[in-house]
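Protein chains: 2
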Amino acid sequence: MRNRDRGRSANIKRRKQHLIEQMPWCLPKIIDSPTEPLDQSGVEAIHNGAMRILEDIGIEFLNSEALEIFKKAGCIVKDQNVRMDETLVMELVGKAPSTWSITPRNSRRKLTVGNKFLLFGNVSSPPNYWDYTLKKKIPGTREHCQNLLKLSQYFNCIHFIGGYPVEPVDVHASVRHLDVLFDTLTLTDKVCHAYSLGKERVEDVMEMVRIAGGFSMGEFESDPKMFTNINSTSPLKHDYPMIDGWIRLAKKNQGLIVTPFTLAGAMAPVTMAGAVTQSIAEALSAVALAQLVRPGASCAVGTFTSNVDMKTGAPAFGTPEYMRATQMTGQLCRFYNLPMRSSGACVATVPDGQAIWETSNSLWAAIQSGTNLIYHAAGWLEGGLIASPEKFIMDCEMLQQIQRYMEPELVGTTEDDIALQAIKEVGADGHFFGAQHTQERYTEAFYQPFLSNWKNFESWEADGGIWTVERSHLLFNEIISDFKPPNLDPSIKAELSDFVKLRKREGGVPTDF
Amino acid sequence: MRNRDRGRSANIKRRKQHLIEQMPWCLPKIIDSPTEPLDQSGVEAIHNGAMRILEDIGIEFLNSEALEIFKKAGCIVKDQNVRMDETLVMELVGKAPSTWSITPRNSRRKLTVGNKFLLFGNVSSPPNYWDYTLKKKIPGTREHCQNLLKLSQYFNCIHFIGGYPVEPVDVHASVRHLDVLFDTLTLTDKVCHAYSLGKERVEDVMEMVRIAGGFSMGEFESDPKMFTNINSTSPLKHDYPMIDGWIRLAKKNQGLIVTPFTLAGAMAPVTMAGAVTQSIAEALSAVALAQLVRPGASCAVGTFTSNVDMKTGAPAFGTPEYMRATQMTGQLCRFYNLPMRSSGACVATVPDGQAIWETSNSLWAAIQSGTNLIYHAAGWLEGGLIASPEKFIMDCEMLQQIQRYMEPELVGTTEDDIALQAIKEVGADGHFFGAQHTQERYTEAFYQPFLSNWKNFESWEADGGIWTVERSHLLFNEIISDFKPPNLDPSIKAELSDFVKLRKREGGVPTDF
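For the record, the sequence lines run as chains A and B.
Using the working numbering, the letters of the first sequence correspond one by one to residues 248 to 760.
Using the working numbering, the letters of the second sequence correspond one by one to residues 248 to 760.
Structure (structure tokens):
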């Protein structure tokens, strides 16, 4: 695969200069029209299907507070089954803002969710870790998690931190959220997330985010400072802790994303339209609840609709079916005027060719669907069971290219862009390297990769013949050893640390989930 | 990277059954609206720029026959510079059909060029070969070339044979076209191509295609049976042999594709709009010539506009700049009502992650631009300097997914698709695996990969832990050893063989190009 020794150190030296050649922090905006596989009647068919589910079949909410809220709003509640009519659902969905913001402790990292912005989050929640030194899958540790947080901070193209980038299984579950949020809030200054897995976790994380930002209670609740993502337990069910967290965050005016787990053929119909219909119904039921708790609550609809391997039941991602389901969901989100979340998902076990075609398909589906938040946009493998730093860095190269792709200047057609004068000057026997028109523009004209090799085979071979995954691994080591955490007032850091100590002394949280 | 011995034979056995699980031959049609980065005024700016180039600056034609033809048509010809006014160009371009066909020796492999069809061609013209056994870059041989032709025939998603899938450098250039065309016409039954590199080559290939199809002269010329692709020598120049072949094929009513070689910052302006403008002018000048030779000649416009690495001058492909240039070219092709060609290009040296993100970007740009013919859609590496069978097979997995993606059934929203009855039946506590709705559909519901691994990490590891590139290599060996050439009447094969012998006795063709 490569000539390990020859040229290795030369290569590292060369890339050292590249270490900082990344794009500046920016919030890219989708400038393309969305890809719309459905015509108006197709959108209506899915909408009507979702409304029939909500009106006639109902969604189970295994949460008594939610059931009370729905009952009070006039829904038909029978045991845990909630049925709500179209008029009410549409009235409530209409109260959700089409665009909202999240402001983390560093206000320059403020995000706008909606309004065609396309924001990238790191991989979230894999229980396992793989890297190119190990070359095996092992349970995640706090150090792995910290390193992935460092990558999340280092890369400007990562806009938000989803869940734990890998589960640190070496930290007891009762206090894991305290340690990881401490790491997240000290190693990064970007928007972060609370798992809706029990009231104590949710409340602890909200309090830590408040402390880290130096926010008063009033400031914290004045607009979203963090967010949660909940998954329905498809088909047609919302579990207790997810909905508990959902209500708690709604009460405190934080960001709310609901992502049904609708794998077609398993937890949802085998037809993509059927799976999307069910997903939309499950999502809207949670949006309706949030609007009952707080009219105007900041909600987004996520999609995780994909197909399974019908031979094994295993989920697949980045497939043609996944892409179309994502695009269809995008059409429905525009119909409801709600921001949308999708994923940078793949099912490949290692960061190889398959991982990239699946991820690339997922990322293009996100763009095509008008997605606003891409979860797992960097670092995910094996359907979310593995986090990998090499995959993370490879994904960031793809994300940067998307950012560049969205720059309106790239498709400018001013007189200067058309460049007739330069074409005339160069004529039929010259070249453009030396042209004034080129000289004035060349440093900024094109996307500059930090990981791709653009050298020819011979030069690449002389550098050690290193494949993408290993180049990524070398870069990972360099980034981690060079990493500098973002500024944080020492008194705030101490306050966070004290909070963690206090809550650990109190025993952390129950772990009977 | 893998556990080489454990599970290898089991894995081969498993995939053996997969060997034939590919999609049937079909001509996919783009059902998505194109991505249009330019508004109407942007399209007009590029069109007007191209017209100014053609009217005021002119294109060099290093071919006296072409100069005579242009002169007769009223163009301003000064030495080798040809200027033509917008009225004439648009009148001539208007004579080119928006859709045309190519019928190879097997009429069931007939292709429609245009009308939203998206057709895939194999890699064409690399001088070098790389495979996973060699793990190095070596000059191509006839055996390499034959093996890549076998892959081109084997995979139903490959619709046409471009140039030689690798240059067989072990065959003397004077007779190379005879041997490779013999191989192409006996190992495949798909549409094929003639290089416009000297009159003898072009005439020999046309004659061999005629013989292989059992066509009379009249039948051969009644509509296209093969095609050529020419490149302009950008900036603003068409060389002698390319235009000679162009005229010869136009006279005989064969397919004509012109692809300017407009790398932004090198042979074209550093701005993408400028590079596209120049490319369009160069392409239209050839289309105009073809229409003067034969009004209604079957033409398509190719794009090869990309950026270079401004540090080294090396070309880059599959970049954000490449994607936008391709989409812009698509808008202009629709403006002129001409079919379009683009490429499945990448610059990576080996079939790794980078190769796939670049290729995936190129393929998505093709879809987004409304491309009709994708050259180099399988097997290309290092900016076209290397052909690789592993990359070929990996690309075919991506191409099949695109075919599946384009199936209208995938986004159906009939009552059966929405599946309310199934959702009701399964309710909140079941799953869809056993549902009648699923059982009736599951075998055909989802794309089935032939190369992707959808097993979990542990099962994949038990199978040998084989990365995509190596799985592809193993499959390559299996396909080659199983390969059966398509039917060909033995008398036709003998006639072809005799023609090759005769032309070799005559000394082949001059090699002073």
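Every residue, glycine too, gets a C-beta built ideally from N, C-alpha and C.
- Under the Cβ distance rule, Q287(A) does not count among the residues neighbouring chain B, no pair being separated by less than 8 Å.
- In this structure, the straight-line span from the alpha carbon of D710(B) to that of E637(B) is close to 19 Å.
- Sequence-distant Cβ neighbours of G617(A) in its own chain, meaning closer than 8 Å and more than five residues away, are I277, P281, K363, G577, C580, R581, M587.
- Segment contact: the stretch 545-553 of chain B against the stretch 705-722 of chain A, fewer than three CB-CB distances shorter than 8 Å; contact not assigned.
- Shown here, F693(B) sits in coil according to DSSP, grouped into three states, outside any helix or strand.
- Here H485(B) has F308, S479 as same chain residues with Cβ atoms under 6 Å from its own Cβ, once five neighbours each way along the sequence are excluded.
- E333(B) is outside the set of residues whose beta carbon lies under 8 Å from a beta carbon in chain A.
- Between the stretch 371-384 of chain A and the stretch 399-406 of chain A, the count of Cβ pairs shorter than 8 Å is below three; the stretches do not touch.
- Within the stretch 455-468 of chain B, contact with chain A at the beta-carbon level (separation under 8 Å) is assigned to no residue.
- In the structure shown, the three-state DSSP call for A634(B) is strand.
- Runs of the alpha helix (DSSP H) lying entirely within the stretch 434-510 of chain B and spanning at least 4 residues, in chain order: 446-460, 464-469, 487-498.
- For W627(A), the secondary structure class from DSSP, reduced to helix, strand or coil, is strand.
- No Cβ-Cβ contact shorter than 8 Å links G659(A) with A513(B).
- Non-local C-beta neighbours of M489(A) in its own chain, meaning closer than 7 Å and more than five positions away in sequence, comprise S443, I477, N478, ordered along the chain.
- The three-state reading of DSSP puts Y379(A) in coil, since its state is none of H, G, I, E or B.
- Relative to the Cα of E644(B), the nearest Cα in the group G600(A), Q686(A), D664(A), L434(A) belongs to G600(A).
- Interface annotation, P386(A): not in contact with chain B, CB-CB separation never under 8 Å.
- Excluding sequence positions up to five before and after E302(A), its CB lies within less than 8 Å of the CB of R330, M331, D332, E333, all in the same chain and listed in chain order.
- At least one C-beta of chain B is nearer than 8 Å to the C-beta of V594(A).
- Selection A602(B), L722(B), M453(B), V505(B) evaluated against S699(A) yields A602(B) as nearest (Cα-Cα).
- Across the stretch 292-303 of chain B, CB contacts with chain A closer than 7 Å involve A292, I293, G296, R299, I300, in sequence order along the chain.
- For the stretch 513-528 of chain A, the set of residues with a beta-carbon nearer than 8 Å to any beta-carbon of chain B comprises A513, M514, A515, P516, V517, T518, M519, A520, G521, T524, Q525, in chain order.
- For the 8 Å CB-CB criterion, K437(B) and Q393(B) do not form a contact.
- Your pair L425(B) and R750(B) checks out as a contact, with CB atoms roughly 6 Å apart and the cut at 8 Å.
- Secondary-structure assignment with DSSP links K397(A) through no beta bridge to anything.
- Beta-bridge pairing by DSSP links K325(A) to N328(A).
- Here the stretch 519-537 of chain A lies against the stretch 655-671 of chain B, with 3 or more beta-carbon pairs under 8 Å apart.
- Cβ atoms of L398(A) and I670(A) stay farther apart than 8 Å, at about 44 Å.
- Fully enclosed alpha helix (DSSP H) runs of no fewer than 4 residues occupy 311-319, 333-340 of the stretch 289-373 of chain A, in order along the chain.
- Of all residues in the stretch 652-669 of chain B, only Y652, M653, E654, P655, L657, V658, G659, T660, T661, E662, D663, D664, I665, A666, L667, A669 place a beta-carbon less than 9 Å from a beta-carbon of chain A.
- Residues of the same chain with a CB within less than 8 Å of the CB of E454(B), apart from the 5 flanking positions on each side, are F746 in chain order.
- It is roughly 16 Å from the alpha-carbon of M298(A) to the alpha-carbon of T661(B).
- With contact defined as three or more Cβ pairs closer than 8 Å, the stretch 492-502 of chain B and the stretch 463-471 of chain B are in contact.
- Close partners of Q648(B) in chain A (Cβ separation under 8 Å): T566, P567, W604, N608.
- By DSSP's assignment, P386(A) forms a beta bridge with N375(A).
- In the DSSP assignment, V548(B) falls within the unbroken beta strand (DSSP E) covering 546-549.
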